[in-house]
Amino acid sequence: KIQYLNTNQKTSMKKVLIAMAMLLVSGIAMAQDVTTFMGIPIDGTKDEMIKKLEEKGFTKDAEFLRGKFYGEDVLLSIGEDNDLVSTIYIIFNDSSMDEAKTLYNSLVADFSKNKKYIPDGGDGIIIDKTELRHILVSEDRTVVSYFLQKGHDGDKKKDIENKTVTVALSHSSGLNYSVGIAYCNEYNMPDHSTDL
Numbered sequence: 630k631i632q633y634l635n636t637n638q639k640t641s642m643k644k645v646l647i648a649m650a651m652l653l654v655s656g657i658a659m660a661q662d663v664t665t666f667m668g669i670p671i672d673g674t675k676d677e678m679i680k681k682l683e684e685k686g687f688t689k690d691a692e693f694l695r696g697k698f699y700g701e702d703v704l705l706s707i708g709e710d711n712d713l714v715s716t717i718y719i720i721f722n723d724s725s726m727d728e729a730k731t732l733y734n735s736l737v738a739d740f741s742k743n744k745k746y747i748p749d750g751g752d753g754i755i756i757d758k759t760e761l762r763h764i765l766v767s768e769d770r771t772v773v774s775y776f777l778q779k780g781h782d783g784d785k786k787k788d789i790e791n792k793t794v795t796v797a798l799s800h801s802s803g804l805n806y807s808v809g810i811a812y813c814n815e816y817n818m819p820d821h822s823t824d825l
């Protein structure tokens, strides 16, 4: 015997299906909890990312974008792997050692205080010029601090290791020093463990 649904049952069934669809969509959104830059998820194609950055006030300049970040004029570069955006590089203007150290320390302090990030090692705050000079004559000539960007679920550790932010100070040339930040979506980077 075939039973047909009445109007109330059909309405209830629609509500259940809509609720299931909403859960599925929100589950997909949560699964794609990736690193963000200025509220923009670091994901999708380079062209999509450029469009979103232009909406934030950045302008195209050859292979770079120019704009304001952290109150400074910066160059922005987009890294890709397998046609997906994997990294946003922020490059501040070259400056003297003192200016670069001040900017680097300010960035590290602000990331450390920001509740959206968890410090994850590295050199941290540079106390004096002697310490900075000593580090910059080392093999890699770079001072680095690492942070993990928290996800939608606050400070839970789930997948947070795939949302890295790196602040770096390096000796570029002569008396010039540069500071940069890399916002990385590790999900879009190749798995190097299979490259042996």
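According to this note's numbering, the sequence shown is numbered sequentially starting from 630. The beta-carbon is built from N, C-alpha and C at its ideal position, and this holds for glycine as well. On a predicted model such as this, the values are computed, not experimentally measured, just so you know.
Using the C-alpha atoms, what's the distance from residue j back to residue i?
{"i": "F693", "j": "I756", "result": "33 Å"}
{"i": "H800", "j": "T771", "result": "7 Å"}
{"i": "K681", "j": "N791", "result": "22 Å"}
{"i": "G780", "j": "M726", "result": "35 Å"}
{"i": "V831", "j": "P748", "result": "Nothing can be reported for residue 831, as the shown portion of the chain is limited to 630 through 825."}
{"i": "F666", "j": "R762", "result": "31 Å"}
{"i": "Y699", "j": "L736", "result": "9 Å"}
{"i": "T795", "j": "F740", "result": "10 Å"}
{"i": "T688", "j": "G750", "result": "33 Å"}
{"i": "I789", "j": "L705", "result": "24 Å"}
{"i": "I669", "j": "D752", "result": "28 Å"}
{"i": "D690", "j": "E684", "result": "15 Å"}
{"i": "Y775", "j": "K742", "result": "13 Å"}
Exposed or buried, residue i, counting other C-beta atoms within 10 Å across all chains shown (16 or more means buried)?
{"i": "L652", "result": "With a pLDDT of only 39 at L652, under the threshold of 50, the placement of this residue in the model should not be trusted; the figure read from the coordinates follows. Exposed: under 16 other Cβ atoms inside 10 Å."}
{"i": "A650", "result": "Residue confidence for A650 is low, a pLDDT of 41 falling below 50, so the modelled location carries little weight; the figure read from the coordinates is stated next. It is exposed - the Cβ of A650 has fewer than 16 other Cβ atoms within 10 Å."}
{"i": "T793", "result": "buried"}
{"i": "D784", "result": "Its pLDDT being 49, under 50, D784 is placed unreliably in this model, and the value from its coordinates should be taken loosely. Exposed."}
{"i": "G656", "result": "Because G656 carries a pLDDT of 38, less than 50, the predicted location of this residue cannot be relied on, and the following value inherits that uncertainty. Looking at its Cβ environment, which holds fewer than 16 other Cβ atoms inside 10 Å, G656 is exposed."}
{"i": "A658", "result": "Low confidence applies here, because A658 scores a pLDDT of 37, under 50, leaving its location unreliable; read the following figure in that light. Under this definition A658 is an exposed residue."}
Between residue i and residue j, how many whole angstroms is the CB-CB distance? I'm expecting something under 8 Å.
{"i": "E728", "j": "K675", "result": "Not confirmed; about 31 Å, so no contact."}
{"i": "I754", "j": "Y812", "result": "Actually they do not touch by this definition, with Cβ atoms about 21 Å apart."}
{"i": "V773", "j": "A797", "result": "5 Å"}
With distances taken from CA atoms, which of the options is nearest residue i?
{"i": "S807", "options": "I717, K680, F687, Y733", "result": "Y733"}
{"i": "D723", "options": "V703, K745, K681, K685", "result": "V703"}
{"i": "K745", "options": "L777, I719, N711", "result": "L777"}
{"i": "G686", "options": "K792, G696, D749, P819", "result": "G696"}
{"i": "K730", "options": "L682, K758, I789, L713", "result": "K758"}
{"i": "P826", "options": "E701, D712, A691", "result": "No answer is possible for residue 826: it lies beyond the span of the chain, which begins at 630 and ends at 825."}
Are the CB atoms of residue i and residue j nearer to each other than 8 Å?
{"i": "N817", "j": "D662", "result": "no"}
{"i": "G803", "j": "F721", "result": "no"}
{"i": "I719", "j": "M678", "result": "no"}
{"i": "N805", "j": "T664", "result": "no"}
With a threshold of 7 Å, establish whether the CB of residue i neighbours any heavy atom of the ligand MN.
{"i": "S724", "result": "In the structure shown, the ligand MN is absent, as is every other ligand, since no ligand is present at all."}
Contact criterion: CB-CB distance below 8 Å. Does residue i meet it with respect to chain C?
{"i": "D752", "result": "Included in the structure is just one protein chain, with no chain C present."}
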